[in-house]
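Everything on this sheet refers to the single structure shown next.
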Amino acid sequence: MWRRWGLVLALGWAVAASGAPRAGLAGARPVAEPGAGKAPPTNEGTFVCKLDGADLLRLGGPTVPAWLPGGKQLLLATSNSLYRIGADGTGKALVYQDRALAIILGLCVSPSGKFAAASVVRARDGAGAVRVWSVADGKLLVNDAVYEKAVVDEGARYLRAVLAWAPRRDRLAWVPMEYVGVSKRTRGVKVFDGETARWSTWYLERPVESLAWHPERETLLAATGETITEVDDNGRAQTALVPSIMGGGAGDSPLVWLPKSDAFYWGQGFYGRGGQPMLPELPDNDGPAAKVCWVAPDGRHLLLATSRVRDNGECETDLLLGGLGSALNTFRRTCRLTCVPQQVFLSVDGARIAYVVGGYVPD
247 MWRRWGLVLA LGWAVAASGA PRAGLAGARP VAEPGAGKAP PTNEGTFVCK
297 LDGADLLRLG GPTVPAWLPG GKQLLLATSN SLYRIGADGT GKALVYQDRA
347 LAIILGLCVS PSGKFAAASV VRARDGAGAV RVWSVADGKL LVNDAVYEKA
397 VVDEGARYLR AVLAWAPRRD RLAWVPMEYV GVSKRTRGVK VFDGETARWS
447 TWYLERPVES LAWHPERETL LAATGETITE VDDNGRAQTA LVPSIMGGGA
497 GDSPLVWLPK SDAFYWGQGF YGRGGQPMLP ELPDNDGPAA KVCWVAPDGR
547 HLLLATSRVR DNGECETDLL LGGLGSALNT FRRTCRLTCV PQQVFLSVDG
597 ARIAYVVGGY VPD
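Residue numbers for the sequence shown follow the numbering used here, so the first one is 247 and each next one is one higher.
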């Protein structure tokens with residue numbers, strides 16, 4: 247039996263909500279099939295393989311990975327450091343380190359690969375900030391204090407900002423997420439311009455929940471309550487692109503605009519230009535949970551991760567390619583992982599995936 251069902255977005259550069267730290271689910275080792283990669287010796291870590299599961303490699307323990315352009319190298323964020331490493335595990339080099347940090351969250355890389363950004367939390371007092379670095383030399387370019395206290399729920403959860411790089415230009419926008427009693431949404435959107443290495447604040451008419459950049463016009467898209475507003479290049483003109491979203495908005499969840507499909511993705515579902523739900527067909531309650539790992543630039547093709555835990559305790563995750571609005575049984579399986587990864591990231595060229603088992607991963 248099939249029905250329309252919401253999804254949980256797992257685009258590594260865009261996930262905005264925080265969650266409690268969880269270890270990877272116990273079971274078989276995280277190996278892909280089919281594939282020529284050697285099975286890793288542990289069920290936790292950061293792994294890389296081809297889209298079909300071949301050439302599986304464990305890069306190390308759980309980290310926050312981000313692909314660099316070209317799909318040959320990645321950045322890995324540990325609790326207080328950034329490393330650059332080849333997709334084949336070679337050439338690991340320290341890019342940046344700050345021993346005063348407790349955690350680095352939401353690592354993302356600019357289109358040129360020259361800059362990286364993330365939310366960070368300071369160990370001493372739990373203060374949170376957005377930082378931007380030069381990838382070449384690790385120079386800190388932005389250190390914007392976002393939260394006076396980013397550690398909540400007695401240390402089980404960390405708050406981070408909503409970050410969004412423009413698709414073809416080294417321009418980053420960010421806003422803090424809201425958390426009751428700790429932080430509130432703001433009308434001020436911070437924007438970093440890589441060409442000048444300077445940042446400024448754009449003030450919108452309403453508090454902003456989530457952000458994205460239009461992939462064709464590269465204007466800023468701001469989700470404000472039940473509407474999506476398009477903001478021009480200088481942050482002044484504001485136009486309601488989606489005047490009303492059926493069922494309300496999705497808060498701090500990631501926002502992805504799909505111009506070729508005349509649709510957008512926000513939180514746990516796809517919507518048409520008019521704000522009406524427009525979801526792919528997924529299995530009923532007895533089927534696997536699905537996460538969106540990647541959306542093609544044309545907005546018509548998706549990479550889904552469907553995970554399940556069998557009655558015998560064994561875990562498996564299928565990576566599936568298919569079209570927006572298609573039934574799940576028409577998607578093509580690219581590989582199967584015998585684990586339930588917390589995050590899956592597709593390289594820019596679409597040839598490789600990186601995935602993480604274990605460690606702290608936001609919901």
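Cβ coordinates follow ideal geometry from the N, Cα and C atoms, glycine included.
| query | At which residues does the beta strand (DSSP E) containing K296 begin and terminate? | reply | Locating residue 296 in the sequence shown gives position 50, where the first residue counts as 1. Segment 291-296, the beta strand (DSSP E) holding K296.
| Does DSSP put K436 in a helix, a strand or coil? | As a working note, residue 436 is residue 190 in the sequence shown. Correct three-state label for K436: strand.
| Secondary structure of K506, DSSP reduced to three states | As a position in the sequence shown, residue 506 is number 260, starting the count at 1. In the structure shown, K506 sits in a helix (DSSP, three-state: H, G or I).
| D399 by DSSP, collapsed to three states: which one? | By one-based count along the sequence shown, residue 399 stands at place 153. Here D399 sits in helix by DSSP.
| DSSP state of T576, grouped into three classes? | For this step, residue 576 is matched to residue 330 along the sequence shown. In the structure shown, T576 sits in a helix (DSSP, three-state: H, G or I).
| message | Checking 8 angstroms against the spacing of the C-beta atoms, do Y393 and L409 come in under that value? | response | Looking up residue 393 in the sequence shown gives position 147. Looking up residue 409 in the sequence shown gives position 163. Not a contact, by the Cβ cut-off of 8 angstroms.
| Using the beta-carbon count (16 or more within 10 Å), is S456 buried or exposed? | Start at 1 with the first residue of the sequence shown, and residue 456 comes out as number 210. Buried: at least 16 other Cβ atoms inside 10 Å.
| query | So V376 packs on A407, CB below 8 angstroms; how close in whole Å? | reply | Indexing the sequence shown from 1 puts residue 376 at position 130. Indexing the sequence shown from 1 puts residue 407 at position 161. About 5 angstroms separates the two Cβ atoms, so the contact holds.
| request: Go through its chain and collect everything with a Cβ distance to P453's Cβ below 7 angstroms, but skip five positions before and after it. | output: The residue you call residue 453 lines up with position 207 of the sequence shown. Correct list, in chain order: R431, T432, R433, T470.
| query | By Cβ distance below 8 angstroms, which residues in the same chain neighbour T576 in space, the five residues on each side in sequence not counted? | reply | Against the sequence shown, residue 576 aligns to sequence position 330. So the qualifying residues of the chain are G568, G569.
| query | What are the boundary residues of the beta strand (DSSP E) that A363 is part of? | reply | Numbered from its first residue, the sequence shown carries residue 363 at position 117. Its beta strand (DSSP E) spans residues 361-368.
| request: Compare the Cα-Cα distances from R579 to each of Q589, T309, P587, L565 and report the closest residue. | output: In the sequence shown, residue 579 corresponds to position 333, counting from 1. Checked all of Q589, T309, P587, L565; the closest Cα to R579 is L565.
| query | For the putative contact between V367 and V397, defined by C-beta atoms under 8 angstroms, what is the C-beta separation to the nearest angstrom? | reply | Residue numbering aside, residue 367 sits at position 121 when the sequence shown is read from its first letter. Residue numbering aside, residue 397 sits at position 151 when the sequence shown is read from its first letter. 6 angstroms between Cβ atoms; contact.
| query | Relative to the C-alpha of T292, which residue among P587, A346, G596, D595 is closest? | reply | Within the sequence shown, numbered from 1, the residue matching residue 292 stands at position 46. Of P587, A346, G596, D595, the residue nearest in Cα terms is P587.
| Can you pull the DSSP bridge partners for V477? | Locating residue 477 in the sequence shown gives position 231, counting from the first residue. DSSP lists L466, Q484 as partners of V477.
| query | Mapping DSSP to helix, strand and coil, what is P500? | reply | Reading the sequence shown from its first residue, position 254 is the one you call residue 500. P500: coil per DSSP, three-state reduction.
| query | Going straight from the alpha carbon of V602 to that of A364, what length do you get? | reply | Position 356 of the sequence shown, counting from 1, holds the residue named residue 602. Position 118 of the sequence shown, counting from 1, holds the residue named residue 364. Using only the alpha carbons, I get a separation of about 17 angstroms.
| Looking at W379 and S342, is the spacing between their C-beta atoms short of 8 angstroms? | Translated into positions along the sequence shown, residue 342 becomes position 96. Translated into positions along the sequence shown, residue 379 becomes position 133. It should be noted that the sequence gives Tyr, not Ser, for residue 342. Yes, Cβ-Cβ distance for Y342 and W379 is below 8 angstroms.
| request: Quick one: give me the first and last residue of the beta strand (DSSP E) that Q343 is part of. | output: On the sequence shown, residue 343 is found 97 positions in, with the first residue counted as 1. From DSSP, the beta strand (DSSP E) with Q343 extends over 339-343.
| query | Which value, in whole angstroms, describes the spacing of the CA atoms of P311 and G359? | reply | Here residue 311 is taken as the residue at index 65 of the sequence shown, counted from 1. Here residue 359 is taken as the residue at index 113 of the sequence shown, counted from 1. Those two C-alpha atoms are separated by around 14 angstroms.
| Close beta carbons around N592, own chain, < 7 angstroms, minus the five adjacent residues each side | Here residue 592 refers to the residue found at position 346 when the sequence shown is read from its first residue. The sequence shown places Leu at residue 592, rather than the Asn named in the question. Within the same chain, L592 has close Cβ partners C539, W540, L549, I599.
| Tell me which same chain residues have a C-beta within less than 6 angstroms of the C-beta of A551, skipping the five on either side of it? | By one-based count along the sequence shown, residue 551 stands at place 305. Taken in chain order, the residues that qualify are K537, C539, T563, L565, V590.
| message | Given a cut-off of 8 angstroms on the beta-carbon distance, is the pair V502 and A468 in contact? | response | Within the sequence shown, the letter at position 256 stands for residue 502. Within the sequence shown, the letter at position 222 stands for residue 468. Contact: no.
| For E394, three-class secondary structure by DSSP | Here residue 394 is taken as the residue at index 148 of the sequence shown, counted from 1. Correct three-state label for E394: coil.
| query | Taking R463 as the reference, which of G596, E476, G335 has the closest Cα? | reply | Here residue 463 refers to the residue found at position 217 when the sequence shown is read from its first residue. Nearest of G596, E476, G335 to R463, Cα basis: E476.
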